[in-house]
Amino acid sequence: MGVHWIMLLMQAAAPAQVMDLSRGPVSTTTVAVTVTLDPQGRVLSCRSGVGGAAACAGFKKGRVVSAPLRKNGKPVGGLMTVSTTSIVSER
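Add 1 to a position in the sequence shown, counting from 1, and you land on the number used in my numbering.
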């Protein structure tokens with residue numbers, strides 16, 4: 002399941018709320034997952050923010066999701082946060 006599909010599922014699962022556009026556009030950011038990466042950009046683990054285990058389906062252990070990570074020329078591990086930002090405005 003692709004990341005975009007997971008994001009759409011998470012947005013559809015959100016409870017219905019009224020968005021008040023009286024003061025302009027409304028922006029919402031939702032963190033889907035936090036992925037721990039090795040120095041080669043491969044997934045070591047995935048922790049879901051919203052959407053449960055399905056949110057991590059696209060981040061299987063060992064999958065390359067980033068270019069190799071370096072700091073001062075040396076290999077380092079990293080964290081990747083995957084989120085969506087939605088901006089709703091009046092037409």
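Idealized CB from N, CA, C, for every residue including glycine.
Since I believe residue j is in contact with residue i (beta carbons under 8 Å), could you give me their beta-carbon distance rounded to a whole number of angstroms?
i: Val77; j: Pro40; result: 6 Å
i: Thr85; j: Thr35; result: That belief does not hold up - the Cβ atoms of Thr85 and Thr35 are roughly 14 Å apart, past 8 Å.
Taking 7 Å as the cut-off, is the beta-carbon of residue i closer than that to any non-hydrogen atom of the ligand ZN?
i: Arg43; result: Looking at this structure, you won't find the ligand ZN or any other ligand, since it has none at all.
For residue i, count neighbouring C-beta atoms within 10 Å of its own C-beta (all shown protein chains included) and say buried if the count is 16 or more, exposed if not.
i: Ala1; result: Not covered by the structure: residue 1. The range shown for the chain is 2 to 92.
i: Val19; result: exposed
i: Ser46; result: exposed
i: Val83; result: buried
So for residue i, helix, strand or coil by DSSP?
i: Val89; result: strand
i: Val77; result: coil
i: Lys72; result: strand
i: Val83; result: strand
Does the distance from the C-beta atom of residue i to that of residue j stay below 8 Å?
i: Ser67; j: Gly42; result: yes
i: Val44; j: Lys61; result: yes
i: Leu22; j: Met81; result: no
Runs of alpha helix (DSSP H) wholly within the segment 13-70 (minimum 4 residues, chain order): none
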